[in-house]
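Top to bottom, those sequences are chains A and B.
So in my numbering, spot 169 of the first sequence is number 169, and the numbers just go up one at a time.
So in my numbering, spot 90 of the second sequence is number 1090, and the numbers just go up one at a time.
Ideal placement from N, C-alpha and C gives every residue a C-beta, glycine not left out.
This report concerns only the one structure given below.
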Amino acid sequence: MTNIIKISEKELAQFFNELKIITTFSESIWILAYTLTLVLVVTTGVLVIVWLERKISAGVQQRIGPEYAGPLGIIQSLADGIKLLLKEDIIPAGSNAWLFTIGPAIVVIPVFLTYLVIPFGQNIILANLNIGVFFWIAISSVVPLGLLMSGYGSNNKYSFLGGLRAAAQSISYEIPLALCVLSISLLSGSLSTVDIVEIQSKYGFLSWNVWRQPIGFIVFLISSLAECERLPFDLPEAEEELVAGYQTEYSGIKFALFYVGSYLNLLISSLFVTILYLGGWKSSIPFVENFIQNISINYGINESFDVLKPVLDIFTTLSKSYLFLFISILTRRTLPRVRIDQLLDLGWKFLLPIALGNLLLTASFQILSIN
Amino acid sequence: MNFEAFLPISEFTPLPLYLVISLLLSLILNSASFAFASKGPASPEKLSAYECSSDLLGDVRSLTFLFPRAVSLNKIGWFGFRSMMVFVRILTIGFLHEWKKGALDWE
């Protein structure tokens, strides 16, 4: 009698195991945990970038910048965010409340979503999609929709024009951006961000894509500055001409969403510059990894290398992206703003042919090297 | 029968989760402002659009219909031009009506 019961227990356990309820459930919980961690990291990253921008701009302009809120003014960005939260949320009369409210969300959410495919380290990536960079290009095409919605839904001539200009700028510079990314994936033979970084590790420092694609690097830098609507391309929020363009009627938390979205976009662009051109998380200094490994072996803690290496990877990625952040903040405080026709000329008549030429060159080199 | 067939864990699984989280974040931010932000008295000046000049053409949105016609005028030829003119006439009548009604009196 008991034998029969035991067999059915085993079969029952096997049955539930094959159902894989527990497996999917636990994996989903882990994915939720990773996602929440990423959201937290990204939000903190935005606060840090706002502080960085204010401090670096202050340094460029020979002043001090925020210093009263917290030590070295670190809490300043948080304080600004809380202030914007408490501001009154005005929806202008005659405006389309739905479009007005959803516009900023549609501008921010695609940028937020792109953090899925960014590898911060060897295995520190939320979703290793095999269409990684293509996902980014596709998702960032949703942003002009949000800009148009915000401009149109404000019931303000100037906002409307500003929204149109911003959308035109956004879609003009998407094309050189996509062409540069295409050239990179030609070189790497894959669209996955992890593969692109892995292929840049063959010869250490010299196999970074920035040496193999110098023209593409420069075009990518300029196009991503234009996509982020940073100076010298920040016509949509030009203070003198269109009175803050499509953001005119926005106050409080919706304005904060635009603001946050702009810095999120900047961080994404700098992370993509490191991944596509500067070798991602690979430190490419053969010393450092072996050094740390030797240390951990000598002290008998072999596992500590497994903890130190991801930290090293994250540190490398962030320092490389800091380079681009620094350059873009310096550029903002140095170069004058371009006019809308100069801006569109630059995008269509200058960067687009150059990016196309770069693509053709890369493709022909690849074909020749394969043969 | 395999539960995993219904909810397979693939590389794309974090995507809908992340999408939902970002939507929730925007929603929470908006509702937080709804809860915490002060609400001053609604005056018509506060709610009006920010303008540096007077508001002549009340509804700018109706102008959007002219944009594609302006751009593609060589393709739609005379027929397109005439339909555009009908539309512009309707807008002009509305504008004259506004003028008569005194919406432009504080010029």
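{"Item": "Complete alpha helix (DSSP H) runs within the stretch 173-224 of chain A (minimum length 4 residues, chain order)", "Value": "193-199 and 209-212"}
{"Item": "Selection of the stretch 80-97 of chain A by Cβ proximity to chain D, strictly under 7 Å", "Value": "Given the protein chain composition of this structure (A and B), no chain D is represented."}
{"Item": "Integer Cβ distance of T193 (chain A) from V133 (chain A), believed to fall under 8 Å", "Value": "6 Å"}
{"Item": "First through last residue of the alpha helix (DSSP H) which encompasses I354 (chain A)", "Value": "L352 to I370"}
{"Item": "From A:F291, A:T362, A:V273 and A:P353, residue whose alpha carbon lies closest to that of L323 (chain A)", "Value": "A:V273"}
{"Item": "Reduced DSSP secondary structure (H/G/I, E/B, other) of Y68 (chain A)", "Value": "coil"}
{"Item": "Contact list for the stretch 120-141 of chain A against chain B, Cβ threshold 9 Å", "Value": "L126, A127, N128, L129, N130 and F135"}
{"Item": "Residues of the stretch 1011-1041 of chain B with Cβ closer than 9 Å to any Cβ of chain A, in chain order", "Value": "E1011, F1012, T1013, P1014, L1015, L1017, Y1018, L1019, I1021, S1022, L1023, L1025, S1026, L1027, L1029, N1030, A1032, S1033, F1034, F1036, A1037, S1038, K1039 and G1040"}
{"Item": "Chain A within 8 Å of I1093 (chain B), Cβ atoms only", "Value": "no"}
{"Item": "Cutoff 8 Å: I1009 (chain B) Cβ touching any chain A Cβ", "Value": "yes"}
{"Item": "Inter-residue spacing [alpha-carbon to alpha-carbon] between A256 (chain A) and N155 (chain A)", "Value": "20 Å"}
{"Item": "Inter-residue Cα distance where the pair is L1027 (chain B) and A33 (chain A)", "Value": "20 Å"}
{"Item": "Residue-level contact to chain B via CB, G252 (chain A), 8 Å cutoff", "Value": "yes"}
{"Item": "Local Cβ density within 10 Å of K320 (chain A), reported as buried at 16 or more and exposed below that", "Value": "buried"}
{"Item": "Rounded distance between the beta-carbons of G153 (chain A) and F100 (chain A), thought under 8 Å", "Value": "4 Å"}
{"Item": "Residue range of the unbroken alpha helix (DSSP H) whose run includes D345 (chain A)", "Value": "I340 to D345"}
{"Item": "Presumed contact (8 Å Cβ cut-off) between L266 (chain A) and S328 (chain A), rounded CB distance", "Value": "6 Å"}
{"Item": "Partners in chain B for I31 (chain A), counting only beta-carbon separations shorter than 7 Å", "Value": "T1013, P1014 and L1017"}
{"Item": "Chain-ordered residues of the stretch 103-120 of chain A with a beta carbon less than 7 Å from chain B", "Value": "A105, V108, I109, F112, L113 and L116"}
{"Item": "Assigned exposure category for M1126 (chain B) - 16 Cβ within 10 Å defines buried", "Value": "Nothing can be reported for residue 1126 (chain B): it is not among the residues displayed for chain B, which extend from 1001 to 1107."}
{"Item": "DSSP state of G280 (chain A) mapped onto helix, strand, coil", "Value": "coil"}
{"Item": "Assigned secondary structure, Y34 (chain A) (DSSP; H/G/I helix, E/B strand, else coil)", "Value": "helix"}
{"Item": "Expected contact under 8 Å - CB spacing of Y259 (chain A) and S159 (chain A) to nearest Å", "Value": "Their Cβ separation, rounded to whole angstroms, is 16 Å, which puts Y259 (chain A) and S159 (chain A) out of contact at 8 Å."}
{"Item": "Collapsed DSSP secondary structure at P1016 (chain B) in the structure displayed", "Value": "helix"}
{"Item": "Own chain partners of L177 (chain A) with C-beta closer than 6 Å, once the 5 adjacent residues on each side are dropped", "Value": "S223"}
{"Item": "Cβ-based burial, V311 (chain A) [other Cβ within 10 Å; buried from 16]", "Value": "exposed"}
{"Item": "Span of the alpha helix (DSSP H), counted from its first residue to its last, around E303 (chain A)", "Value": "E303 to R332"}
{"Item": "Whole-Å CB distance - D306 (chain A) paired with W281 (chain A), under 8 Å assumed", "Value": "That pair is no contact at about 15 Å."}
{"Item": "C-alpha distance - S170 (chain A) paired with H1097 (chain B), whole-angstrom precision", "Value": "38 Å"}
{"Item": "Cβ contact (3+ pairs, closer than 8 Å) linking the stretch 90-98 of chain A and the stretch 112-127 of chain A", "Value": "no"}
{"Item": "As assigned by DSSP and simplified to three states, the class of E18 (chain A)", "Value": "helix"}
{"Item": "Local Cβ density within 10 Å of F291 (chain A), reported as buried at 16 or more and exposed below that", "Value": "exposed"}
{"Item": "Proximal residues to K1101 (chain B) (C-beta, below 6 Å), its chain only, five neighbours per side dropped", "Value": "none"}
{"Item": "Distance between beta carbons of I1009 (chain B) and T24 (chain A), contact taken as under 8 Å", "Value": "6 Å"}
{"Item": "Cross-chain neighbours of L257 (chain A) in chain B, by beta carbon under 9 Å", "Value": "S1026, L1029 and N1030"}
{"Item": "Sub-8 Å separation of R212 (chain A) and L191 (chain A) beta-carbons", "Value": "no"}
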